[in-house]
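So the sequence lines, in the order shown, correspond to chains A, B, C and D. Anchor point for the first sequence: position 155 equals 155 in the numbering used here, and the numbering is continuous, going up by one each time. Anchor point for the second sequence: position 44 equals 1044 in the numbering used here, and the numbering is continuous, going up by one each time. Anchor point for the third sequence: position 156 equals 2156 in the numbering used here, and the numbering is continuous, going up by one each time. Anchor point for the fourth sequence: position 128 equals 3128 in the numbering used here, and the numbering is continuous, going up by one each time. C-beta atoms are modelled at their ideal positions from N, C-alpha and C, and glycine is treated no differently.
Number of protein chains: 4
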Amino acid sequence: MVDRYFSNKSLKLGKRERTRSALIDSAIKVIAEKGFESASIKEITQAAGLANGTFYNHFTDRESLASEAAGVAIFEIALEIKEEVKDIEDGLDKVIVSSDKVVDRTINAPTWGKIIIGAWHHLDDFQQDVAQIMRSDLNLAKRQGLTSLPINKLLEYQICSLIVLSISLQLKNGRNKATRLETAEAILRLLGIAPAEAKQRAQKALFG
Amino acid sequence: MVDRYFSNKSLKLGKRERTRSALIDSAIKVIAEKGFESASIKEITQAAGLANGTFYNHFTDRESLASEAAGVAIFEIALEIKEEVKDIEDGLDKVIVSSDKVVDRTINAPTWGKIIIGAWHHLDDFQQDVAQIMRSDLNLAKRQGLTSLPINKLLEYQICSLIVLSISLQLKNGRNKATRLETAEAILRLLGIAPAEAKQRAQKALFG
Amino acid sequence: MVDRYFSNKSLKLGKRERTRSALIDSAIKVIAEKGFESASIKEITQAAGLANGTFYNHFTDRESLASEAAGVAIFEIALEIKEEVKDIEDGLDKVIVSSDKVVDRTINAPTWGKIIIGAWHHLDDFQQDVAQIMRSDLNLAKRQGLTSLPINKLLEYQICSLIVLSISLQLKNGRNKATRLETAEAILRLLGIAPAEAKQRAQKALFG
Amino acid sequence: MVDRYFSNKSLKLGKRERTRSALIDSAIKVIAEKGFESASIKEITQAAGLANGTFYNHFTDRESLASEAAGVAIFEIALEIKEEVKDIEDGLDKVIVSSDKVVDRTINAPTWGKIIIGAWHHLDDFQQDVAQIMRSDLNLAKRQGLTSLPINKLLEYQICSLIVLSISLQLKNGRNKATRLETAEAILRLLGIAPAEAKQRAQKALFG
DNA sequence: AATGAATGAGCGTTCATTCAT
DNA sequence: GATGAATGAACGCTCATTCAT
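Here it is as structure tokens:
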């Protein structure tokens, strides 16, 4: 049986919705464990305590379940992190601390890391969802005059790329303070901050 | 039958080498079309006009062919681009023009773009190969005093991530001058260049 | 389609059990025809009128089906023969008549003979099963004071070897009264009976 | 490269015969290592330092090479053992000591044990060859009045079956003095010797 | 709505065999 | 005669998908 990461509300739902949620939860878990391509429908349904045929009552194919699962997963992470950084007032700090928390979470709970890496190049929607998460923080920094750059989708994607790279490397080589720091600095430089200031800021925001 | 991207010299080679090259060419094409995971050995051999069993005379498994194919693909591109930018003397310009050419090439010949995107997260070696390509240019820029940053692997990977993102977006949405420009600017900012100068440099280096 | 040697009761069984039985029946037949190593899963399933994939709903691999099939085959034969010799009171006679009946049956229904020969050297369990069948009769003979030898596994195996040899020869050269008789005599001598008495006993027990 | 167990004379032979011998030697080795069914032609030829195609210049199929190899192997063993027991004058002792030596050799050099077990049920000729080996000793025992039984093929086969069983068990469970002794006793009883005398004889012949 | 047995195309892989060199 | 690249049928096995229950 799968932990209910995301569907604790399931009790309030009808039977159909409950089964659907169970499948999504299970998919998140299995994809995280086995990777995107190796998550077979049989394994997903079994982990959910359901029969394989049940899958087809709710989804047309594996892809459709996967994109839903990825969306649910990232949305929940975003909510949690947003809460955790709500007291940071500096927009830039908010961006790099959030980013670092995403990475951090994935290193400690590879479940999420792998699903993010795995989904990154497979699901268009997923990239958009992820990128959007930092939009409000970026706009905050802009309003605070901390960056002169126009905030657009490409910039969001670029930041996400740096985050995904950091996750990917640390998943492979283990947690690494230098990588975290340099990733934060790189994000800041990408936002137009000069190297020296970027270094100071990153150090202070991440490690006090 | 597959175009001989990389083995035009095949006529000079022995039979064994010719077949081997044909398989690599075919693999490049099929991986580009179907993606990394979906490129079956049968399809690769069929596209090469060979029997499926022939594959195993030359490679132990799909992975080994794939990494070879990816390596060949990127190596050839790198060589060509290096030649094309040999007259640029400014290290930073060299980096962003090279990067832009990689992107440009993949947009015009999606075969290569897709294989790069596809291999990016699957083959460790591949990432290393790609990253290394810009090392000499980065070091040149460093020697020229154009960037104060230490040149290390992570920085190379970060630049590559931006390139891969640019490829990915333009493959999906079509060629886009703004994306090219902003990617070059982003690379420069990542290297510590101030936004305004980055903008000028990018504009000038890419579009004269 | 395959005769239902062992699963005549199939009508009473659930669908799953019916299919499983069909596979075992089919395996028995195919192994008998083609030999142990050449009985492919495809052929077994086809002979059962099922799809090859169905096999894997019921067995993990070929070996597991084979050992089950062999076990079923020998168990059924043993039961029948036990019943047929239940009125023989002399332990030694019981042993050699049972043995002769096993051989006899395999000559008339080569299906069984070949499966026994085929499985003999491939499945450890199978040898143990077969050998055990005569244990009770041997112990009976011992209690009756008809043999002074200790009854142990090796002795059982030795008797089985003589039976398998007899089967093997008669499968090749056809039914042969002399071979049957001499096999019975050999078993008796193996059990310590003097040649002359062995001859008399064998003649009388087998042919009245 | 393969040791030349049986074809040291190869130097005197023509090239064709030399290659043929090399294949037979190699087959013996590979069959012994991998078993009968798993000895692929590629492996046999490779172990002989030859190309796989070469096989077909000398043999029509795997079976034909195998039977030749088995024949060569057993013939050589028989010669050696015959020499080793040439000073034993008692026919029965000769039989059981020879038998024990065959078994012994296979336990110490599983190469031969496995090939004998492996070939036993696959090659008709092989069985005949093996059985014939003890014919002269059996006839000697008969002439010496040590057994009253008629010496025929079946009897030879029966003795061989007991030997093969002994090999098989000891290959699986390791060398075992009791098994050797009981096998010798069983052969003697099979030849009509009373259990008590069989016990004495076996003990004395095998272990002095 | 949920089941799970059955399906069969497709996978990667092995290997006896052919044949041009 | 020897070679070894090429072959392609066959293998064991996986899995998304269907459908009767």
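#1: Tell me where the alpha helix (DSSP H) around residue 1179 of chain B begins and ends.
#2: Roughly how many angstroms separate the alpha carbons of residue 1999 of chain C and residue 3154 of chain D, rounded to a whole number?
#3: When the Cα of residue 3160 of chain D is compared with those of D:3089, D:3188 and D:3144, which residue comes out closest?
#4: Would you give the residue range spanned by the alpha helix (DSSP H) that residue 2199 of chain C belongs to?
#5: Closest by CA to residue 1167 of chain B, which one among B:1104, B:1087 and B:1079?
#6: Name the chain B residues whose beta carbon is nearer than 7 Å to that of residue 27 of chain A?
#7: Measuring straight from C-alpha to C-alpha, what distance separates residue 1138 of chain B and residue 206 of chain A?
#8: Counting only beta-carbon atoms, is residue 2157 of chain C nearer than 7 Å to chain D?
#9: Quick check on the DSSP output: what are the complete beta strand (DSSP E) runs of length 3 or more inside the stretch 3034-3113 of chain D, in order along the chain?
#10: Distance, Cα to Cα, residue 2073 of chain C vs residue 2126 of chain C?
#11: At the level of alpha carbons, what is the spacing between residue 2035 of chain C and residue 69 of chain A?
#12: How many whole angstroms separate the CB atoms of residue 3115 of chain D and residue 3028 of chain D, which I take to be in contact at a CB cut-off of 8 Å?
#13: Spatial neighbours of residue 3008 of chain D within its chain, please: CB distance less than 8 Å, with the 5 preceding and 5 following residues excluded, ordered by chain position.
#14: Output needed for residue 3095 of chain D: all residues of its chain with C-beta closer than 8 Å, excluding positions within five of it in sequence on either side, in chain order.
#15: Run through chain D and tell me which residues come within less than 7 Å of residue 2186 of chain C, C-beta to C-beta.
#16: Check whether the Cβ atoms of residue 1039 of chain B and residue 1026 of chain B lie closer than 7 Å to each other.
#17: For residue 1147 of chain B, which option in A:183, A:194 and A:202 has the closest C-alpha, if you only look at C-alpha atoms?
#18: Just checking: is the beta-carbon of residue 38 of chain A within a distance shorter than 7 Å of some beta-carbon in chain B?
#19: I'd like to know whether the C-beta atoms of residue 3031 of chain D and residue 3102 of chain D end up nearer to each other than 7 Å.
#20: Along the chain, which unbroken stretches of the alpha helix (DSSP H) at least 4 residues long are found entirely within the stretch 2118-2145 of chain C?
#21: With DSSP collapsed to three states, give me the class of residue 1019 of chain B.
#22: Quick one: using the 10 Å Cβ neighbour count with 16 as the cut-off for buried, is residue 3208 of chain D buried or exposed?
#23: If you count every other CB in all the chains shown that lies within 10 Å of the CB of residue 1079 of chain B, and 16 or more means buried, which is it?
#24: Can you pull the chain B neighbours of residue 64 of chain A, defined as C-beta to C-beta under 7 Å?
#25: Quick check: is the beta carbon of residue 2154 of chain C nearer than 7 Å to any beta carbon in chain D?
#26: Hey, does residue 3148 of chain D have any beta-carbon neighbour from chain C nearer than 7 Å?
#27: Got a sec? Which residues, its chain only, sit under 7 Å from residue 2098 of chain C by beta carbon, not counting five neighbours each side?
#28: Residues of chain B with CB closer than 8 Å to the CB of residue 179 of chain A, please, in chain order.
#29: State the CB to CB distance for the pair residue 2203 of chain C and residue 2181 of chain C, rounded to an integer number of angstroms; the pair is presumed to be in contact (CB under 8 Å).
#30: Between residue 161 of chain A and chain B, is any beta-carbon pair separated by less than 7 Å?
#31: Just mark residue 1201 of chain B as buried or exposed, buried being the case when its beta carbon has 16 or more other beta carbons within 10 Å.
#32: What number of angstroms, rounded off, separates the C-alpha of residue 58 of chain A from the C-alpha of residue 76 of chain A?
#33: Tell me the rounded alpha-carbon separation between residue 1196 of chain B and residue 1129 of chain B.
#34: Considering Cα atoms alone, identify which of D:3023, D:3050 and D:3117 is closest to residue 3064 of chain D.
Reading from the atomic positions:
#1: Residue numbering aside, residue 1179 of chain B sits at position 179 when the second sequence is read from its first letter. Counting along the chain, the alpha helix (DSSP H) containing residue 1179 of chain B begins and ends at 1177-1190.
#2: Residue 1999 of chain C is absent from the model: chain C starts at 2001 and stops at 2208.
#3: Taking the first residue of the fourth sequence as position 1, residue 3160 of chain D is located at position 160. Closest by alpha carbon: D:3188.
#4: Working through the third sequence from its first residue, we reach residue 2199 of chain C at position 199. Element bounds for residue 2199 of chain C: 2195-2207.
#5: Stepping through the second sequence from its first residue, residue 1167 of chain B is reached at position 167. Measuring from the Cα of residue 1167 of chain B, the nearest candidate turns out to be B:1104.
#6: Counting from 1 along the first sequence, the entry for residue 27 of chain A is found at position 27. Those within 7 Å of residue 27 of chain A in chain B number zero; the least Cβ separation is about 18 Å.
#7: Position 138 of the second sequence, counted from the first residue, corresponds to residue 1138 of chain B. Position 206 of the first sequence, counted from the first residue, corresponds to residue 206 of chain A. Roughly 28 Å separates the two Cα atoms.
#8: The residue labelled residue 2157 of chain C in the question sits at position 157 within the third sequence. Interface residue, yes.
#9: none
#10: Position 73 of the third sequence, counted from the first residue, corresponds to residue 2073 of chain C. Position 126 of the third sequence, counted from the first residue, corresponds to residue 2126 of chain C. For residue 2073 of chain C and residue 2126 of chain C, the distance between alpha carbons rounds to 10 Å.
#11: If you number the third sequence from 1, residue 2035 of chain C lands on position 35. If you number the first sequence from 1, residue 69 of chain A lands on position 69. If I take the Cα positions, the gap works out to 50 Å.
#12: Along the fourth sequence, one-based indexing puts residue 3115 of chain D at 115. Along the fourth sequence, one-based indexing puts residue 3028 of chain D at 28. With 8 Å as the limit, residue 3115 of chain D and residue 3028 of chain D qualify as a contact, their Cβ atoms being about 6 Å apart.
#13: If you number the fourth sequence from 1, residue 3008 of chain D lands on position 8. Any reading at residue 3008 of chain D needs caution, since the residue's pLDDT is 46, under 50, leaving its predicted position unreliable; the model's value is listed next. If we look at residue 3008 of chain D and ignore the five residues flanking it on each side, it has no Cβ neighbours.
#14: By one-based count along the fourth sequence, residue 3095 of chain D stands at place 95. Closer than 8 Å at the Cβ level, and outside the excluded window around residue 3095 of chain D, lie 3134, 3137, 3138, 3141, 3159, 3187 and 3191.
#15: Looking up residue 2186 of chain C in the third sequence gives position 186. Per Cβ cutoff of 7 Å: 3158 and 3190.
#16: As a first step, residue 1039 of chain B must be located in the second sequence, where it is residue number 39. As a first step, residue 1026 of chain B must be located in the second sequence, where it is residue number 26. Result no, Cβ atoms of residue 1039 of chain B and residue 1026 of chain B do not sit closer than 7 Å.
#17: Here residue 1147 of chain B is taken as the residue at index 147 of the second sequence, counted from 1. When each option's Cα is compared against that of residue 1147 of chain B, the closest is A:194.
#18: By 1-based counting over the first sequence, the position of residue 38 of chain A is 38. False, the Cβ-Cβ gap to chain B never drops below 7 Å.
#19: On the fourth sequence, position 31 is the one that residue 3031 of chain D refers to. On the fourth sequence, position 102 is the one that residue 3102 of chain D refers to. Not in contact: residue 3031 of chain D and residue 3102 of chain D (Cβ atoms no closer than 7 Å).
#20: 2124-2133 and 2135-2143
#21: Indexing the second sequence from 1 puts residue 1019 of chain B at position 19. Three-state result, residue 1019 of chain B: helix.
#22: Start at 1 with the first residue of the fourth sequence, and residue 3208 of chain D comes out as number 208. Label assigned to residue 3208 of chain D: exposed.
#23: Against the second sequence, residue 1079 of chain B aligns to sequence position 79. When all chains shown are included, residue 1079 of chain B counts as exposed.
#24: The residue given as residue 64 of chain A occupies position 64 in the first sequence. Result: empty, since nearest Cβ-Cβ is about 18 Å, beyond 7 Å.
#25: What you label residue 2154 of chain C is simply residue 154 of the third sequence in a count that begins at 1. Answer yes: the Cβ-Cβ gap between residue 2154 of chain C and chain D drops below 7 Å somewhere.
#26: Here residue 3148 of chain D is taken as the residue at index 148 of the fourth sequence, counted from 1. Yes, because at least one Cβ of chain C sits closer than 7 Å to the Cβ of residue 3148 of chain D.
#27: Along the third sequence, read from residue 1 onward, the residue named residue 2098 of chain C stands at position 98. For residue 2098 of chain C, where only same-chain residues beyond five positions count, the Cβ hits under 7 Å are 2081, 2085, 2134 and 2137.
#28: As a working note, residue 179 of chain A is residue 179 in the first sequence. Here the neighbours are 1154.
#29: Residue numbering aside, residue 2203 of chain C sits at position 203 when the third sequence is read from its first letter. Residue numbering aside, residue 2181 of chain C sits at position 181 when the third sequence is read from its first letter. That pair is a contact at about 7 Å.
#30: One-based indexing of the first sequence puts residue 161 of chain A at position 161. Residue 161 of chain A counts as touching chain B.
#31: Here residue 1201 of chain B refers to the residue found at position 201 of the second sequence. It is buried - the Cβ of residue 1201 of chain B has at least 16 other Cβ atoms within 10 Å.
#32: What you label residue 58 of chain A is simply residue 58 of the first sequence in a count that begins at 1. What you label residue 76 of chain A is simply residue 76 of the first sequence in a count that begins at 1. Each residue's alpha carbon lies about 22 Å from the other.
#33: Position 196 of the second sequence holds residue 1196 of chain B. Position 129 of the second sequence holds residue 1129 of chain B. Straight-line Cα distance between these residues: approximately 32 Å.
#34: The residue you call residue 3064 of chain D lines up with position 64 of the fourth sequence. Comparing Cα positions, the closest option is D:3023.
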